[in-house]
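S.K.:
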Amino acid sequence: MTNTTLEDFSENKDEKGAKKSKTTSSNAKAYEMAKGQREISIAEFFEKNRHLLGFDNKRKALLTTIKEAVDNSLDACEEAEILPEIIVEILDLGNDKFRVIVEDNGPGIVEKQIPNIFAKLLYGSKFHKLKMQRGQQGIGISAAVMYAQLTTGKPAKILSKIHPDEPAQYYELKINTQKNKADILRHEKKEWDKESGTRIEIDLEANYNKGAQSVDEYIKQTAIINPHVTLIYQPPKGEQILLVRATEQKPKLAQEIKPHPYGVELGMLIKMLRVTRAKTIKSFLKEDFSRVGDKSAEEILENSGILNKTKPSQVSRDMAEKLMEGIKKSKLMMPPTDCIVPLGDEMLEKGIKKEYNAEFYTTVSRTPNVYRGNPFAIEAALAYGGEIPGDKAINLMRFANRVPLLYQQGACAVTDAVTQTNWKGYGLQQSRNNMPQGPVVLVVHIASVWVPFTSEAKEAIAHYPEIIKEIKLAIQEVGRNLSKYVNKKRKVKDELKKRNYIEIYIPHIIDALKEILNFPEHERADLEKDLGESLEQTRGKLDRMEFDPTKNEEYDKDLANIGKEDKENKEDKE
Amino acid sequence: MTDTIKKIKETAQNIFSKIKKKQKAEISAPVRSLNNVIYNPKDGYFELKGKLKKRTLTANTVKTFAQTLRFMALSKNLVETDDIATKREAYYVSKNWGEARFKEQAESDAVMDDIEAMFGTNREQLGFIADEHGGSVAGELIVIDKDPNTGKELKIDCTKFGSGSYSIPSDVENLKFETKAKFVLAIETNGMFERLNKHSYWKSSSCILVSMGGVPTRACRRFIRRLSDDANIPVFVFTDGDPYGFLNIYRTLKVGSGNAAHINEFFCVPKARFIGITPQDIIDYKLPTHPLKEVDIKRVKDGFKNDPFIHEHKLWQKALKDILKMGKRAEQQALAKHGLNFVVSNYLPEKLKDEKSWLE
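Taken in sequence, the protein lines are chains A and B.
Per our numbering, the very first residue in the first sequence carries number -8; after that it's consecutive.
Per our numbering, the very first residue in the second sequence carries number 112; after that it's consecutive.
(1) How many whole angstroms separate the CB atoms of A147 (chain A) and A159 (chain A), which I take to be in contact at a CB cut-off of 8 Å?
(2) Measure from the C-beta of K484 (chain A) to each C-beta in chain B and report whether the shortest distance is under 8 Å.
(3) If I follow the unbroken alpha helix (DSSP H) through H499 (chain A), where does it start and stop?
(4) Can you tell me whether Q421 (chain A) is helix, strand or coil according to DSSP?
(5) Does the region 224 to 231 of chain B come within contact of the region 513 to 525 of chain A, defined as at least 3 CB pairs closer than 8 Å?
(6) Using 8 Å as the threshold, is the C-beta distance between E340 (chain A) and V355 (chain A) below it?
(7) Can you check whether the CB of K165 (chain A) is closer than 8 Å to the CB of A110 (chain A)?
(8) Indicate the three-state DSSP secondary structure (helix, strand or coil) for M323 (chain B) in the structure shown.
(9) Measure the alpha-carbon distance for W313 (chain B) versus D340 (chain B) and round it to whole angstroms.
(10) For the beta strand (DSSP E) containing S316 (chain B), list its first residue and its last residue.
(11) Entirely within the region 19 to 65 of chain A and at least 4 residues each: give me those alpha helix (DSSP H) ranges in chain order.
(12) Sort B:E218, B:I138, B:T169 by Cα distance to I493 (chain A) and report the nearest one.
(13) In angstroms with no decimal places, state the Cα-to-Cα distance between S151 (chain A) and D66 (chain A).
(14) Taking the beta strand (DSSP E) that T354 (chain A) belongs to, which residues open and close that run?
(15) Just the C-alpha distance for D194 (chain A) and E80 (chain A), rounded to the nearest angstrom, thanks.
(16) Taking 8 Å as the threshold (beta carbon to beta carbon), is N171 (chain B) in contact with chain A?
(17) Using a Cβ cut-off of 9 Å, which residues of the region 462 to 491 of chain A contact any Cβ in chain B, in chain order?
(18) Quick check: what's the CA-CA separation for E467 (chain B) versus P399 (chain B)?
(19) Assuming I153 (chain A) contacts S187 (chain A) (C-beta within less than 8 Å), just tell me the rounded distance between them.
(20) Between the region 425 to 443 of chain A and the region 488 to 508 of chain A, do three or more beta carbon pairs fall short of 8 Å?
(21) From the DSSP secondary-structure annotation, give me the bridge partner or partners of N365 (chain A).
(22) If you check the beta carbons only, do V366 (chain B) and F157 (chain B) fall under 8 Å apart?
(23) Of the residues B:S315, B:F272, B:F239, B:W208, which one's Cα is nearest the Cα of D193 (chain B)?
(24) How many Å lie between T290 (chain B) and D282 (chain B) at the Cα?
(25) In this structure, does DSSP put Y434 (chain A) in helix, strand or coil?
(26) Give the straight-line distance between the Cα atoms of E278 (chain A) and N96 (chain A), rounded to the nearest whole angstrom.
(27) Do the region 401 to 410 of chain A and the region 420 to 427 of chain A meet, that is, are 3 or more Cβ pairs less than 8 Å apart?
(28) So what does I576 (chain A) bridge to, in DSSP terms?
(29) Would you report the Cα separation of D382 (chain A) and A134 (chain A), rounded to the nearest angstrom?
(30) Looking at the unbroken beta strand (DSSP E) that takes in H513 (chain A), where does it start and where does it end?
(31) Buried or exposed: which applies to S1 (chain A), given that a residue is buried once 16 or more other Cβ atoms fall within 10 Å of its Cβ?
(32) Can you list the residues of chain A that F127 (chain B) reaches, using a CB-CB cut of under 8 Å?
(33) Return the chain-ordered list of same chain residues with a C-beta closer than 8 Å to the C-beta of K135 (chain B), the five sequence neighbours on each side being excluded.
(34) Rounded to whole angstroms, what's the CA-CA distance from S295 (chain A) to T267 (chain A)? Just pull it up for me.
(35) Checking contacts by CB at 8 Å: is K558 (chain A) closer than that to chain B?
(36) Going by DSSP in three states, N552 (chain A) sits in which element: helix, strand or coil?
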């Protein structure tokens, strides 16, 4: 019996018998239960599980809404090669209701796509692409629209313009959560004094706070990691903040790549087999994957025991599984890594200098590496001393594809890499497996065609060993640079102390000599000078190591002060 | 101009002209440790091997340099005005030097020892004297000293102190002696000294009793040396039967110390012979004992390793090996087991008579 599968069960051919028993089986409980069983729309599902998307509470809802809108704007601008200028406005409507306005100077959205993009979950261009960009799934902004509609009942208002010669399109949209499709409440053309761009207005239930996980912090970090962006930010209270771009240089355009065989999962493979246009499995492998040529395609197929000429549509589940095995056994070139666009040392340093007036900066940009067939690159920057407070744990800033990660620090691979590094060797205090302490801001950026997050809310990086290893190597490098600096500083301090010594004790030597030899008083000054010179002669020139608060020309006080007014709110209160 | 002042001025002048020429000033002094002495068997004392410690004036040494020169200036002052300062007083004088002052007396003592060694002289000649009491004397001796106020000669009869004693001053260089005693008996503890004094042992055996009170001070060593040279009489040393008595007290009195090797020539008593408690005495007199302490054992081992005096003397090597083997030590006072006067009536007469029981 143990080896029996359902297929081995004998077939029931007795149609009459089935009919016969129908009268008695009509009362079966399953019929009753079937009445309650129906399709659940994806929108309904997320309505009940909104924490998965980052809408767990009012405070986080505000941040997530702004973050999704800004992410989309930045992705669009970059793809259209436009230097982004983004306006973020928050209006307090009272009663825990807020209006969020995000406006960009991007390429705009084609008229008929607007309802789908803003009011249909899992719709977008990004899910099927392997490309380094902020958004990945096409959930974010429509989830925000849905959250707004759930909490205020108001539709999202969208204005978009694609060309100076065309009018702007205006939509008021709601999501039909049953059918996961847009309900268009209003659609008209409007005049908009802008070459192109998109503006979205959403009313939602929210809380505005300052502190470590606030919108203010998000805006600030976004400016740091995107030095080419100009941000105009109007918080609900207080003056408008203008954060001008630090560079006119647009980031290099990220290249889209095909999936690498090592990174593909069975389900995905089957799906790809079904939609491919290739005529044979060999050309499927060559055309739909990266790093597969004639030779390696043949190697894979030989290892899988599948014929080269097999049609993709004829590949069964079992065969697909064999194909997976074959891929594992074959030696393939790692995917191309030129699709990764890191920020680069210079930009990273500019960014961190804008926010922190420190005495020492160091940055590291690692060459790209691969996890599960996906290329990724790690960059790290460290600022030390100066105006950074030194009596608490270091300030860790995490970024993924140029997006700040403000939540779930404890669950993030970056945090593990930091705490597992021995910082004592780099001159900081640290108790075992904890965050080190000291006047340090550490920035870690992971850039990848597919950043592995621990959840759809995109708050923490998953613990892939390849990724943790790369982060550690980056941290170790900035750590070594730090310790070089700290050691040099200590040496200079010792040296200054010695030179100070010289000045203190020279008069005593001269006094004593005078007492013994009784030389005329007027010789004293010369003698002191001679002795001073001969003592310092051998000591060489000293580098100036004291902190000079005016030296950092990139420092942007407005940026640094965002969110600093009420520090007592800094801790996460959830 | 005294020799001392001449040396101080020479050294200072040398430094002065180096500074003027913007060259590196230097002072050098012999290394003061057992590693830098050899035993001179002919004259019977430790002498310097000649390793020099050079100190160049740099940023690292500028403080010690200042302190050394300050001390030299103080010394010149003392000698010129015929004054003295104890080591403690000299340390307090430094408190006037602002940043250059000493934090501990140990620091000022070390600088003083360096200057001594540098000039190859003793501190008394520099106008500095020890803080400690130099030792007590009783017996058949007249010390001829001068009245510090009038300069008139003073004769001090050491038989006339009753149950008390004459105190050895820190500078004994100008004392003279008159004596008919047959020998000097240098005693480790004050207690034993008092017992012998009370019984007027010096009278019955015609000797001079000196209490060293532990390791003899320089003044005490110099006093015994001068006395034995002037009167041409032997010196016997009576200590506890332990490594401290053998090595720290007897050896220092006889051949000097590693730390003050530059002056051992004058501060040693090569004539001294050991009649204190030997390991053999512990057995022969069936003396009550205590177990050896860790430090005792270490002292013996170190002695075998780097004390040139031990290396030279086979009998001492045997005695030290014996005491290590026994693992026991006995005090002078342990002789009281056989009666309080046993030391006077039996031990000392027997030891003095039996030359073979002495250790060199």
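Heads up, the beta-carbon is just placed ideally off N, CA and C, and yes, glycines get one too.
Every value quoted in this text rests on a predicted model; they were computed, and no experiment measured them.
M.R.: Short version:
(1) With 8 Å as the limit, A147 (chain A) and A159 (chain A) do not qualify as a contact, their Cβ atoms being about 16 Å apart.
(2) no
(3) 456 to 508
(4) coil
(5) no
(6) no
(7) yes
(8) coil
(9) 19 Å
(10) Unbroken run through S316 (chain B) is the alpha helix (DSSP H), 312 to 316; no beta strand (DSSP E).
(11) 20 to 25, 33 to 39
(12) B:T169
(13) 16 Å
(14) 351 to 356
(15) 12 Å
(16) yes
(17) E486, K489, R490
(18) The displayed chain sequence assigns Lys, not Glu, to residue 467 (chain B). Roughly 23 Å between the two C-alpha positions.
(19) 6 Å
(20) no
(21) A:Y362
(22) yes
(23) B:F239
(24) 20 Å
(25) Looking at the sequence provided, one finds Val at residue 434 (chain A) rather than Tyr. In the structure shown, V434 (chain A) sits in a strand (DSSP, three-state: E or B).
(26) 36 Å
(27) yes
(28) Since the first residue shown for chain A is -8 and the last is 565, residue 576 (chain A) is missing from the structure and cannot be characterised.
(29) 40 Å
(30) Where H513 (chain A) is concerned, there is no enclosing beta strand (DSSP E), given that its DSSP letter is neither H nor E.
(31) exposed
(32) L504, L508, F510, L518
(33) K129, T167, L168, T169
(34) 19 Å
(35) Reliability fails at K558 (chain A), whose pLDDT of 44 lies under 50, so the model's placement of it is uncertain and the value that follows must be treated cautiously. Not one chain B Cβ lies under 8 Å of K558 (chain A).
(36) helix
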